[in-house]
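Participant: Numbering-wise (numbering that gives the first Met the number 0), the sequence shown opens with residue 0 and increments by one. Ideal placement from N, C-alpha and C gives every residue a C-beta, glycine not left out. In this text the structure is predicted, and so the values were computed from the model without any measurement. Have a look at the structure that comes next, please.
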Amino acid sequence: MSLLDRGGRPTLADMLEKMTFSPTRGSIELNGARMVLARATFGVDLQDELVRRFGEREAMVLMLRLGYRSGREDAEFVRRAWPNLDVGDAFTAGTRLHMVTGTVRVETMHNDFDFRNDRFSGDFLWHESVEATEYQRRHGRATKPVCWAQTGYAAGYASVFFRKLILYKEVSCAAMGDKACRVVGKTVDDWGRDDPFVRMFLEEVLVTKAESLPRFDREESGGTTADAARIEDLIVAPVRRDLERIAEHRLNALVTGPDGSGRFAVANWLKAKRFRTAELHNVHGASPALPEVLQKISQALAKGAAGGQVLVIDAPESLPDPLQIDLLRLMRSAQARPEKFLLVGISTASPPQLQRQGGLRAELFYALSTACLAMPPLDDRPEDIEALATALLARSAQHGAGAAPVLSDGALEVLRNFRWPGNLPQLEQTVRRAALMAETPGLITAADIHAATSDQATPVPDAAGPASQPEDDRIDQLWRELHPLLQQGQTLDQIVSALEHRALAEAGGNTSAAARQLGLTRAKLDYRLNRKRD
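Shown next, in the form of structure tokens:
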């Protein structure tokens, strides 16, 4: 047996058989998927530019993230392209795919996996790693491992096959003078969540920050499920880190927040993360259809139906007491195992308010509130406005014949500074209306946004909050507090700078969170902080 025929299916020979080179058409395909033949220097060029532009840590995070996404996409590609594969063969095909694309030659030292029990440990040698080889050729010997994209790729590919996140660490690297690169893979729990690399992966690599959220260009406006998934990723970004943990531990969830803030997108995200296929039941707590829904779910679980059952209850506090008892009985049943059943409560009331109202039985309240997520209003997410508005326009364009219009810088500035009491639905209505009224086809300007919002009422502040205080009174109060500091010789710039740094400290160094507290965009706060350093 030749080396090309060794290993599980698809073997290297199988992959080569499915490789099609069509120079006259300008395409290379692997079993129908478009590939690109590029010089190996491209990767190190990208890494160098990212380090130069953002610094080494941010560059590593970005390369890990890109590798992770590529790995997940390749795992799904293998599943689609060879649908009858044994799951173990599909899992190990990642190493062969890495080899056939010229990325690295993989030597397996140890590979132990149990999909049913989410158990995995692996130890691999990477020979002729393209990242290590090209780095050393250009820069000489490295002081730390440099195969960032390949490490992220391995994590992304492996994680598709488990209900737990799989992470790899590069423990030795050829760029450092080692004979070969060596990577070790384990579940995130086996590594330990206090491990610095694990924390970075969870908090930075997997969490898509507003400034690096997916772009929705004109070419991406086709009506695909991927577009919908990207929009959901944008919507749930403020709670993404907590969502990952809830999904990993298979918990039920209580999602609170104002209407239109994206609570149902959170439920959909959890459904997609928890189950490959699932039936979603969305019902109001006071709906007369709820008993029938509970019975349908119970029957599906008892029959062992394929896929999961997801019950989303809007306003669980309005559930009649007998139905709360029925729901608790369903949750306690042997069939309602976490791998088969997910309950998500959606409410505008916070957990303390739900407790005070007394509408929920204590047992049901505690079952739901083990995992609580609070979706912020859109007014608290000014740094996300551009990505959300662009994505909503792209989704709207899917239903028409044209491409999604572009938002000018002026239009984006207006959107960021506008008040959004109606949250996401109001934003979507505004940008769609502006696109309809735009004087220049394909371009939405600040004037178009003003025209689209000219008849929208100014939001009324909460009478119970500080905003109910008259504007003049608040200015007088602020002046009384600041005047002694000015009298002592402090300048207004010094006071503002102190407030900016206080907000940054309270946000734990998170510039985006600090900017939200100050009512600024991330870019504006970055500019102000950098200007003061200079």
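Give, in chain order, every unbroken run of the alpha helix (DSSP H) that is at least 4 residues long and sits entirely within the stretch 289–316.
Facilitator: The qualifying runs are 289–301.
Participant: In whole angstroms, what separates the C-alpha of residue 246 from that of residue 269?
Facilitator: Computed Cα separation, rounded: 6 Å.
Participant: What three-state label does DSSP hand residue 124 in the structure shown?
Facilitator: Strand.
Participant: Taking the continuous alpha helix (DSSP H) assigned at residue 98, which residues delimit it?
Facilitator: 86–99 is the extent of the alpha helix (DSSP H) around residue 98.
Participant: What whole-angstrom Cβ distance do residue 388 and residue 414 have, given they're in contact under 8 Å?
Facilitator: With 8 Å as the limit, residue 388 and residue 414 qualify as a contact, their Cβ atoms being about 6 Å apart.
Participant: Using a Cβ-Cβ cutoff of less than 8 Å, which residues in the same chain neighbour residue 22 once the five nearest sequence positions on both sides are dropped?
Facilitator: If we look at residue 22 and ignore the five residues flanking it on each side, it has no Cβ neighbours.
Participant: Is it the case that the Cβ atoms of residue 174 and residue 145 are separated by a distance below 8 Å?
Facilitator: Going by C-beta atoms, residue 174 is nearer than 8 Å to residue 145.
Participant: My output table needs one value for residue 372: the three-state DSSP class, helix, strand or coil.
Facilitator: In this structure, residue 372 counts as strand in the three-state DSSP scheme.
Participant: Provide the residue(s) that pair with residue 33 in DSSP beta bridges, ordered along the chain.
Facilitator: In DSSP, residue 33 forms a bridge with 28.
Participant: Just to confirm, are residue 230 and residue 394 a CB contact at a threshold of 8 Å?
Facilitator: Result yes, Cβ atoms of residue 230 and residue 394 sit closer than 8 Å.
Participant: In chain order, what residues of the same chain lie with their CB nearer than 7 Å to the CB of residue 354, ignoring the 5 residues before and after it?
Facilitator: Within the same chain, residue 354 has close Cβ partners 364.
Participant: Does the stretch 95–110 come close enough to the stretch 135–143 that 3 or more CB-CB pairs lie under 8 Å?
Facilitator: No contact exists between the stretch 135–143 and the stretch 95–110.
Participant: Check whether the stretch 125–134 and the stretch 107–114 touch, using three or more Cβ-Cβ pairs below 8 Å as the test.
Facilitator: The stretch 125–134 is not in contact with the stretch 107–114.
Participant: Tell me the rounded alpha-carbon separation between residue 290 and residue 317.
Facilitator: Looking at the two C-alpha atoms, the distance is approximately 14 Å.
Participant: Which residues bound the beta strand (DSSP E) around residue 340?
Facilitator: Looking at the DSSP string, the run of the beta strand (DSSP E) that includes residue 340 is 340–346.
Participant: How would you call residue 62, buried or exposed, if buried means at least 16 neighbouring beta carbons within 10 angstroms?
Facilitator: Under this definition residue 62 is a buried residue.
Participant: Take the Cβ of residue 258 as the centre, count every other Cβ of all protein chains shown within 10 Å, and call the residue buried at 16 or more, exposed below.
Facilitator: When all chains shown are included, residue 258 counts as exposed.
Participant: Considering only their Cβ atoms, is the gap separating residue 314 from residue 361 smaller than 8 Å?
Facilitator: For residue 361 and residue 314, no; Cβs fall outside 8 Å.
Participant: Drop a sphere of 10 angstroms on the beta-carbon of residue 339, count the other beta-carbons inside from all chains shown, and report buried for 16 or more, exposed for fewer.
Facilitator: With 16 or more Cβ atoms within 10 Å of its Cβ, residue 339 is classed as buried.
Participant: For residue 34 and residue 197, what's the separation of their Cα atoms in angstroms?
Facilitator: Their backbone Cα atoms lie some 31 Å apart in a straight line.
Participant: Using the Cβ count rule (16 or more neighbours within 10 Å means buried), how would you classify residue 170?
Facilitator: With fewer than 16 Cβ atoms within 10 Å of its Cβ, residue 170 is classed as exposed.
Participant: Going by C-alpha distance, which of 185, 419, 65 is nearest residue 122?
Facilitator: Ranking 185, 419, 65 by Cα distance to residue 122 puts 185 first.
Participant: Which residues in the same chain as residue 28 place their Cβ atom closer than 7 Å to its Cβ, once the five residues preceding and following it in sequence are excluded?
Facilitator: Taken in chain order, the residues that qualify are 19, 34.
Participant: Pop quiz: residue 392 and residue 430 are said to be a contact at Cβ under 8 Å. What is the actual Cβ separation, rounded to whole angstroms?
Facilitator: Residue 392 to residue 430, Cβ: 5 Å. Contact.
Participant: Out of curiosity, what's the CA-to-CA distance linking residue 384 and residue 161?
Facilitator: Straight-line Cα distance between these residues: approximately 34 Å.
Participant: Give me whichever residues DSSP pairs with residue 59 in a beta bridge.
Facilitator: DSSP output for residue 59 lists no bridge partner at all.
Participant: Between which two residues does the beta strand (DSSP E) harbouring residue 108 extend?
Facilitator: Where residue 108 is concerned, the enclosing beta strand (DSSP E) stretches over 104–113.
Participant: Candidates 134, 276, 234, 32: which alpha carbon is nearest residue 264's?
Facilitator: The shortest C-alpha separation from residue 264 is found at 234.
Participant: Since residue 70 and residue 155 are thought to touch, with beta carbons under 8 Å apart, how far apart are those beta carbons, to the nearest angstrom?
Facilitator: Their Cβ separation, rounded to whole angstroms, is 3 Å, which keeps residue 70 and residue 155 in contact under 8 Å.
Participant: When the Cα of residue 434 is compared with those of 44, 407, 311, 279, which residue comes out closest?
Facilitator: When only C-alpha atoms are compared, the closest one is 407.
Participant: Is it buried or exposed, residue 333, if we count other Cβ atoms within 10 angstroms and call 16 or more buried?
Facilitator: The residue in question, residue 333, is exposed, as its Cβ has fewer than 16 Cβ neighbours within 10 Å.
Participant: In or out: residue 476 buried (at least 16 other Cβ within 10 Å) or exposed?
Facilitator: Counting Cβ neighbours within 10 Å, residue 476 comes out exposed, since fewer than 16 surround it.
Participant: Please name the residue, chosen from 329, 168, 347, 299, that lies closest to residue 253 on a Cα-to-Cα basis.
Facilitator: Of 329, 168, 347, 299, the residue nearest in Cα terms is 347.
Participant: Quick one: Cα of residue 216 to Cα of residue 416, how far?
Facilitator: Residue placement at residue 216 is poorly supported in this model, since its pLDDT is 37, which falls under 50; the coordinates still yield a value, given next. Answer to the nearest angstrom: the Cα atoms are 24 Å apart.
Participant: Taking Cβ to Cβ, would you say residue 538 is nearer than 8 Å to residue 343?
Facilitator: Because the chain spans 0 through 533 in this model, residue 538 falls outside it and cannot be assessed.
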